[in-house]
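**Q** Numbering (mature numbering (1 follows the signal peptide of the UniProt record, and there is no 0)), first residue to last: -18 to -1, 1 to 124. Before anything else, here's the structure in question.
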């Protein structure tokens, strides 16, 4: 019976250590959110907004944005955005935080990532295989 108690206690401790509360993982100037749709970053004219929620950390203070080092800074302290890049197709703009939803889907799975890239300005349009903005419904089926 003592061995069973030890096994149960060991299992409970192992489970607690392997699944720490996510809320404790946020840096000091951030807080946990169960539903983040928009990622406010320095240099973005408009926030990148996804159709579905993601869980994660966000800046606690209103008016604060994430900088390149993923630290919360007041909007006024954001560095100046880089000069416009003309490599984006017609109807698209350079954005500091573009996720997979800005492009036609590929065979490879794509998790949420925030990288600099182009996004189409017209709602419902994505960048297609020919590097042009096309309606999302016209993307090739893989």
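No residue lacks a Cβ here, since even glycine has one placed at the ideal position from N, Cα and C. Owing to the predicted nature of the structure, the values given are computational and were not obtained by experimental measurement.
(1) Can you look up residue 13 in the DSSP assignment and give me helix, strand or coil?
(2) Given that a residue counts as buried once 16 or more other Cβ atoms are within 10 Å of its Cβ, and exposed if not, what is residue 123?
(3) Go through its chain and collect everything with a Cβ distance to residue 116's Cβ below 6 Å, but skip five positions before and after it.
(4) Among residues of its own chain, excluding the 5 on either side of residue 104, which ones have a beta-carbon nearer than 7 Å to its beta-carbon?
(5) Mind checking whether residue 17 and residue 41 have CB atoms under 7 Å apart?
(6) Within 10 Å of its beta-carbon, does residue 52 have 16 or more other beta-carbons around it, so buried, or fewer, so exposed?
(7) What's the C-alpha gap between residue 113 and residue 97?
(8) Would DSSP call residue 82 helix, strand or coil?
**A** From the atom records:
(1) Counting from 1 along the chain shown, the entry for residue 13 is found at position 31. The answer is strand: DSSP assigns residue 13 an E or B state.
(2) What you label residue 123 is simply residue 141 of the chain shown in a count that begins at 1. Residue 123 should be labelled exposed.
(3) Here residue 116 refers to the residue found at position 134 of the chain shown. Cβ within range, chain order: 110.
(4) If you number the chain shown from 1, residue 104 lands on position 122. These residues qualify, in order along the chain: 73 and 115.
(5) Stepping through the chain shown from its first residue, residue 17 is reached at position 35. Stepping through the chain shown from its first residue, residue 41 is reached at position 59. Contact flag unset, no.
(6) The residue labelled residue 52 in the question sits at position 70 within the chain shown. Exposed.
(7) As a working note, residue 113 is residue 131 in the chain shown. As a working note, residue 97 is residue 115 in the chain shown. About 17 Å.
(8) On the chain shown, position 100 is the one that residue 82 refers to. Residue 82: helix per DSSP, three-state reduction.
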